[in-house]
Structures are given as structure tokens and as C-alpha cells.
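Reminder that position 212 of the sequence shown reads as 211 in numbering that gives the first Met the number 0, one-by-one numbering, no gaps.
Glycine included, every Cβ here is placed at the ideal spot set by N, Cα and C.
Each remark here refers to the structure printed beneath this line.
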Amino acid sequence: MAGHIKGHDRRQSFLLPEHVDDYVTEENPVRVVEAFIDELDLAELGFARVVPAETGRPGYHLATLLKLYLYGYLNRIPSSRRLEREAGRNLELMWLTGRLAPDFKTIADFRRDNGPAIRAVCSRFVALCRGLGLFADAVVAVDGSKFKAVNNRDKNFTPYKLHKRIEQVEESIARYLDAMDTADRQEGELAQTRIARLKDKVALLHEQMRRFRAMQERVKAVPDQQVSLTDPDARSMATSGRGTGIVGYNVQAAVDAKHHLIVAHEVTNLGHDRGQLSGMARQVQQAIGEAAVTVIADRGYYKGEDILACERDGIITLLPKPLTSGAKAAGRFGKQDFTYLPEPDEYRCPAGERLTWRFNNVENGMTLRNYWADACSTCAIKPQCTTGRERRIKRWEHEAVLEAVQRRLDQAPDAMRVRRQTVEHPFGTLKAWMGSNHFLTRTLKRVGTEMSLHVLAYNMKRVIAIMGTRTLIQAIRA
């Protein structure tokens, strides 16, 4: 007989399980949260007030609050107010916390007051993954991605933004003044009402102009000439789309190429990746416990000093060199068209002439060797090479390190494809979990804590998918 499936009567009695434990299956990920946190030494990790005070009202055990947060980030419930509600109605949380339901202020204060310790918990799970042999290949991909802060774009000010906004206000004032002149030439009560309304608008615009002028002085006084009102550490950053940008943070991540686990991460408020490579690579070395690490990155990380630092630390780098040659852009020969000859320490130009060393100079702390030839003035293809008297080539004293990076990249043509497949997926996953507003907290320190919770939750989900719940719990307790 056709019809709909009917529910039970709310007034009917049922023989429900007697224990809350009966509602949580053996394969439930919440059991991994329980096992992992129970094995931690919270005092060693740096959590405050692990030992309860002898006087005063008893507080919640820090392990309970940590479990609550880790469960929340695993299930996309990062808000302290939402966690307060879930603790009173979610059976898994009742099982995990022993039916405790802390208020949102207690939950939020725990995250605020234990940032370094929470980051240490994230590192401890990475160490667990290392112990399980999940980083055997020691190959990671490094990348950065922009994450939105709670600061609205209209509450972020730079010299350029203020200049454009002042121009808009001036145009609006001029438009309203023209409208007032037109209304003055009309008669009647309606015209007078319109003039009064326009005067109010002009007064508001003048007040807005005054605030913008004051903000200009405030912006000039800041070292990076940028002010954010809601989150003082958030910065305006360009994104890949032309003419677009966000106010937020730049999250750096090093992701294992085999299992796509986040080995190391860092939150910065710099709008670029240049200069971040060596620091991230050292974090990977410490996390994996291997000196010989291979790091793959994109050209946004290319910086000679960084690559040299990695080379000295025994880190193998793979990244392409940016195409920034002005001569090449103008249709002339670029530096890559000149062949370096190590033995005589000379360059051979496209015309076959030799460019010999002339002198050294220092630019931005880097010692550069300068080469040129005397035959440029009579060269038949000089217009294709230079507009000056002769073509000069500059070579960094450690240029051989950069050339070795290029040779490695030429021998590994799939490296950039591996990088994209490895590191961009975790960023997409994390942003999908976070929703349209990525971060809930403010300031660089607290945002770093929040990111550590997201990374911990991501890694735990990945390892559960790789090993299974029961196997992982056994490994944690071993």
C-alpha cells in the first residue's frame, strides 16, 4: 500500500540503551579524539592551570575543553557559542565530555589563554604521524594561501585606498553642490526641502572627509602604512584574480607528498611568499626528523639567500626561477641566453663572443661579479642584445647553487604538477570547512592558534582515512 514512512509517537516509551557509550560505535572518530588527548601530558605541553587550585570554585579539566575544541574543529563547529549548544544536545559530545556543558566564555577563554600549548598539541600529532612512518619519503610541497580575517575591507586603510575614497567623496560633494544650485533656481516648498536634505548630505560628506584626512596621518605613522580597525594585525593582500584582494592573513603550509598531511604551518600577515622558504623547510626538518628533505615550491618563493640557506642545511629545493628579465620582455636576449663557462670563469654570448670578469660590487648585501666583452660595439646582432655601449652580465657569487636548482628541476619535469596536487588540495579543504569567513579570532597570535586547531583536525581526519579508527587508536595507546 502506497504512503509515507511514519515516525514514532513522542509520548510512546522505548527501551533505549542504558549507557551513553552504546550510542558511540567503535569506528566513531570521537574515540580517536578521546584516545589521543588522554595520552598527552598537558603540563609538559605548556597548558596553564593543569593542577587545580586548592581553594575556590572547581574548574573544568583542561583535557575536557581540549577534547571539546578538537571535536568542534573536526565537525566544523569552531564557534564557542555553538560548542556550548552542542555540548548540551550532541550525544557524541556527551560521551566525550561526560555530559559536561561549559559555557561559551569558558570555552573561548581556553583557546585564548593556551595558544602555544595548542600549537604544541598540533606538533605532537605530527610527531605521532612520523612515528607511524607516514613521512617515509621526506618530500614536501610548500605553498601559501590568503585567508580572510574578520576585518572588513572597508575597515582597512592604505594610502592608495584613502586617496581613492577621498576622490570619491570630493566627486560626491561636487555633485550635491551642483544639485543645490539647481534647486536654488526653483521655487516652492519642495525645492526648499530638497536643499535642506542636500545640505545634510554635504555635511556628512565633509565629516567623512575629515575622518579620512585624519586616517591619512595615522597611516603615514605606521611602518607598513596600513591600518586595520577591527583586527589590527590583518593586512590587505592581493589575490590571483586581477583587481581583487582580501584583508586577512597569509597561511604557509608544508604538505607531505605521499599522504597529503600538513607537516608544518605558519601564519603571517605578509602579502607575499618570498623569504618564507628556508624557515618552512627547517620546520619540516624538525617535524620529520630527517636532515635530507626535498622541498617543492612555486616561483613566488624564489630568493637566492633562501635557497642558499636551504642548501647549507642539506635541504634539496625544487622551484622555478621567475621570468623577470626586462631585456627579454623587450624582445632582446635575456641572461639565460648567455652560457656560463666555469673553468675560464667567462660567459659566452649568442654571437659567440666571450664576456670576461671585470670587477665585483655589492648590491642589497649580495656580492655580484660583473662581466662584459669589448666586441659589443662592432657586433652585428647588438640591437637584439643591448641598447647600451656593451651588454653587461652580473653573476651572484653563489649563482652555482641556483643553477643546481634549475638542473634538478629540469630532471624532474613533474615536480610542479606534484606540488599542485599536494599542497593546493589541503588549502581548498580547509577553506571549505571554515566557510565564507575563514577566521573567527583576531590578532596574529590568536589566528595562529585557530589555524593550529584546523590543521590538527585536518591531519587527524587524514590519518583516520588512511589507517582506520581502531588501528589508529591502537597506535596511539601503544
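From what residue to what residue does the alpha helix (DSSP H) around residue i run?
{"i": "G278", "result": "L276 to I287"}
{"i": "L131", "result": "Neither: L131 is in no alpha helix (DSSP H) and is coded neither H nor E."}
{"i": "H162", "result": "P158 to D183"}
{"i": "E85", "result": "S79 to A86"}
{"i": "G303", "result": "G303 to R311"}
{"i": "K257", "result": "No alpha helix (DSSP H) contains K257, which DSSP labels as neither H nor E."}
{"i": "A4", "result": "Checking the sequence shown, residue 4 turns out to be Ile, not Ala. Careful: I4 lies outside any alpha helix (DSSP H) and carries neither H nor E."}
{"i": "I314", "result": "Unbroken run through I314: none, as it is neither H nor E."}
{"i": "E402", "result": "E398 to Q410"}
{"i": "L92", "result": "L90 to T96"}
{"i": "D108", "result": "F103 to D112"}
{"i": "K327", "result": "G325 to A328"}
Please classify residue i: does DSSP put it in a helix, a strand, or coil?
{"i": "Y59", "result": "coil"}
{"i": "E188", "result": "helix"}
{"i": "I194", "result": "helix"}
{"i": "E26", "result": "coil"}
{"i": "G244", "result": "strand"}
{"i": "L64", "result": "helix"}
{"i": "K145", "result": "strand"}
{"i": "L318", "result": "coil"}
{"i": "A456", "result": "helix"}
{"i": "S235", "result": "strand"}
{"i": "V120", "result": "helix"}
{"i": "D20", "result": "helix"}
{"i": "I465", "result": "helix"}
{"i": "L39", "result": "coil"}
{"i": "G447", "result": "helix"}
{"i": "C384", "result": "coil"}
{"i": "G299", "result": "helix"}
{"i": "V218", "result": "helix"}
From residue i to residue j, what does the alpha carbon distance come to, in whole angstroms?
{"i": "V147", "j": "I261", "result": "Just to set this straight, residue 147 is Lys in the shown sequence, not Val. Whole-angstrom Cα-Cα distance: 20 Å."}
{"i": "R476", "j": "I36", "result": "11 Å"}
{"i": "L82", "j": "F103", "result": "7 Å"}
{"i": "Q410", "j": "A329", "result": "30 Å"}
{"i": "G333", "j": "S144", "result": "31 Å"}
{"i": "V149", "j": "K302", "result": "32 Å"}
{"i": "K198", "j": "L439", "result": "41 Å"}
{"i": "L39", "j": "L471", "result": "15 Å"}
{"i": "R80", "j": "Y59", "result": "17 Å"}
{"i": "F211", "j": "F426", "result": "36 Å"}
{"i": "E33", "j": "K66", "result": "7 Å"}
{"i": "R281", "j": "V139", "result": "12 Å"}
{"i": "P349", "j": "R129", "result": "51 Å"}
{"i": "V417", "j": "V218", "result": "42 Å"}
{"i": "R174", "j": "R209", "result": "18 Å"}
{"i": "I380", "j": "L340", "result": "21 Å"}
{"i": "K443", "j": "T105", "result": "The sequence as given places Leu at residue 443; Lys does not occur at that position. C-alpha separation (whole angstroms): 21 Å."}
{"i": "R157", "j": "D230", "result": "According to the sequence displayed, residue 157 carries Thr and not Arg. Rounded to whole angstroms, T157 to D230 spans 15 Å at the Cα level."}
{"i": "L189", "j": "R152", "result": "38 Å"}
{"i": "I287", "j": "G132", "result": "10 Å"}
Could you name the residues of the same chain whose beta carbon sits closer than 8 Å to that of residue i, not counting the 5 residues immediately before and after it, in chain order?
{"i": "I392", "result": "K334, F337, Y346, L354, N369, Y370 and W371"}
{"i": "M179", "result": "I194, L197, K198 and V201"}
{"i": "T63", "result": "T96, G97, L99 and P101"}
{"i": "D20", "result": "W94"}
{"i": "A90", "result": "What sits at residue 90 in the sequence shown is Leu, not Ala. Around L90: V19, Y22 and V23."}
In terms of residue numbering, what span does the beta strand (DSSP E) encompassing residue i cover?
{"i": "H264", "result": "I261 to T267"}
{"i": "V294", "result": "T293 to I295"}
{"i": "R48", "result": "Here R48 belongs to no beta strand (DSSP E), and DSSP marks it neither H nor E."}
{"i": "L429", "result": "First-last for L429: A414 to M433, but that is the alpha helix (DSSP H), not the beta strand (DSSP E)."}
What residues are listed by DSSP as bridge partners for residue i?
{"i": "Y370", "result": "W356 and I392"}
{"i": "N155", "result": "S227"}
{"i": "Q11", "result": "The partner list for Q11 (beta bridge, DSSP) is empty, contrary to what the question assumes."}
{"i": "A252", "result": "D142 and H264"}
{"i": "M365", "result": "E362"}
{"i": "R347", "result": "T338 and R353"}
Between residue i and the rest of its own chain, which residues show a CB-CB distance below 7 Å, the 5 nearest in sequence each way excluded?
{"i": "A414", "result": "I295, L317 and L408"}
{"i": "E362", "result": "none"}
{"i": "M236", "result": "K145, G244, I245, G247, N249 and G270"}
{"i": "T366", "result": "N359 and E396"}
Keeping to the same chain, check which residues put their C-beta closer than 6 Å to that of residue i; ignore five residues upstream and five downstream.
{"i": "H397", "result": "L307"}
{"i": "Q251", "result": "G143, E265, Q275 and M279"}
{"i": "I117", "result": "T448 and S451"}
{"i": "E423", "result": "none"}
{"i": "S227", "result": "N150, N155 and A233"}
{"i": "I165", "result": "F211"}
{"i": "A107", "result": "S79"}
Within 8 Å: the Cβ of residue i and any heavy atom of the ligand FMN?
{"i": "Q215", "result": "Judged by which ligands are present, the structure shown has none, so any question about the ligand FMN falls away."}
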